[in-house]
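Below: the structure, in structure tokens.
In our numbering, the protein residues as written are 15 to 325.
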């Protein structure tokens, strides 16, 4: 039995070393430093920061978040100060923490993804997550994530201009998510992460109009977890690269579902708003599960629920 907890939980995500399998879902944890009063950021396997674009972005107008049964709808629209501010002001603050930094990026064209990837090919950035699946922006975003050819173009553009680990974030708003996953893998992505939010909407029955300023938004939270687990299960059988699973994780038991479905790591999203300390608490539960089932290390159970029992 491997005794060291860090050795038991350590994972490799396409060259990205994570001392444990828990990271944050982009857009739900700010740039990490906003949560330092609630979580010991040194305990996280990685911090995945808010979506970052080439130029500052104000986001969408009107109401941008609404609660739904077992989740939330949002149409924030990638509000962020731009990559220059991230590099000059945020990254230096993050470097003091003993954890890997994954930067989620979004562009209006494949060329923009390439330019961002090159700018972020710097010390302190461990990996780049390509957001080709945001449903709340007019240009790029979901359009890239629903077409295998366009998804591949984005990955190739980034791959050509960075040495960092590339993780492609996939959309559930497709007929067959495995097609997009294969396209990303073939184009050079080192890993995939899934799922982003499901497209949804809410209508105010008194005002008789959509609630969100963007009309539609992305649904996240526990309501989407069964969909996310199913898609991880499908993608795990379609690609050889590692998977970061996410979608409605609220406790370590939820995380275990994703590991058994084939994910090597997990990201916590909407639950951060309800329990800001959750990311720091998951590993204890995961270790307890391994002990209870007499399992040496987490990697031994990744994909155990797949046909044949393991990846």
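The C-beta atom is built at its ideal place from N, Cα and C for all residues, glycine as well.
Closest by C-alpha distance to residue i, when choosing among the options
i	options	result
residue 250	320, 20, 303, 221	320
residue 182	146, 191, 75	146
residue 148	121, 50, 263, 117	121
residue 264	277, 284, 187	284
residue 232	69, 86, 30	86
residue 257	195, 158, 214, 22	195
residue 31	133, 137, 179	179
residue 295	98, 73, 54, 278	54
residue 84	254, 98, 238, 271	238
residue 88	225, 292, 301	225
residue 133	93, 157, 90, 177	177
residue 101	75, 137, 91	137
residue 213	247, 160, 246	160
residue 91	109, 119, 104, 99	119
residue 315	292, 293, 270	270
residue 293	211, 52, 27	52
residue 59	75, 94, 27, 71	27
residue 274	228, 254, 157, 312	312
residue 50	33, 108, 318, 248	108
One or two residues paired with residue i in a DSSP bridge
i	result
residue 190	None, per the DSSP bridge assignment.
residue 223	218
residue 347	Residue 347 lies beyond the residue range present for the chain, which begins at 15 and ends at 325; the question has no answer from this structure.
residue 260	281
residue 182	144, 206
residue 313	Residue 313 pairs with nothing; no bridge assigned.
residue 255	DSSP output for residue 255 lists no bridge partner at all.
residue 346	The chain is shown from 15 up to 325; residue 346 falls before or after that span and cannot be answered.
residue 116	62, 141
Rounded C-alpha distance that separates residue i from residue j
i	j	result
residue 203	residue 169	6 Å
residue 304	residue 217	45 Å
residue 25	residue 115	15 Å
residue 185	residue 126	20 Å
residue 223	residue 230	12 Å
residue 175	residue 308	44 Å
residue 191	residue 243	12 Å
residue 187	residue 123	20 Å
residue 278	residue 219	43 Å
residue 261	residue 241	8 Å
residue 19	residue 81	37 Å
residue 69	residue 172	17 Å
residue 48	residue 113	16 Å
residue 236	residue 111	30 Å
residue 22	residue 252	26 Å
residue 12	residue 266	A question about residue 12 goes unanswered here, because the residues of the chain that appear run from 15 up to 325.
residue 15	residue 318	Residue placement at residue 15 is poorly supported in this model, since its pLDDT is 49, which falls under 50; the coordinates are not used for a value here.
residue 215	residue 75	16 Å
residue 255	residue 33	19 Å
residue 272	residue 259	6 Å
Contact test: residue i Cβ vs the ligand ATP heavy atom, cutoff 7 Å
i	result
residue 262	The model on display carries no ligand, and the ligand ATP is accordingly not part of it.
Test: residue i CB closer than 8 Å to a CB of chain D
i	result
residue 236	The chain inventory of the structure shown lacks chain D, comprising one protein chain alone.
### Message
Could you check whether the stretch 134-141 touches the stretch 158-169, counting it as contact only if at least three pairs of C-beta atoms, one from each stretch, sit closer than 8 Å?
### Response
no
#### Entry: Given 8 Å, three or more beta-carbon pairs between the stretch 25-45 and the stretch 57-67
yes
### Minimum length 4: unbroken alpha helix (DSSP H) runs contained in the stretch 30-110
105-108
### Message
For a minimum of 3 consecutive residues, which ranges assigned as the beta strand (DSSP E) are wholly contained in the stretch 119-161?
### Response
141-145
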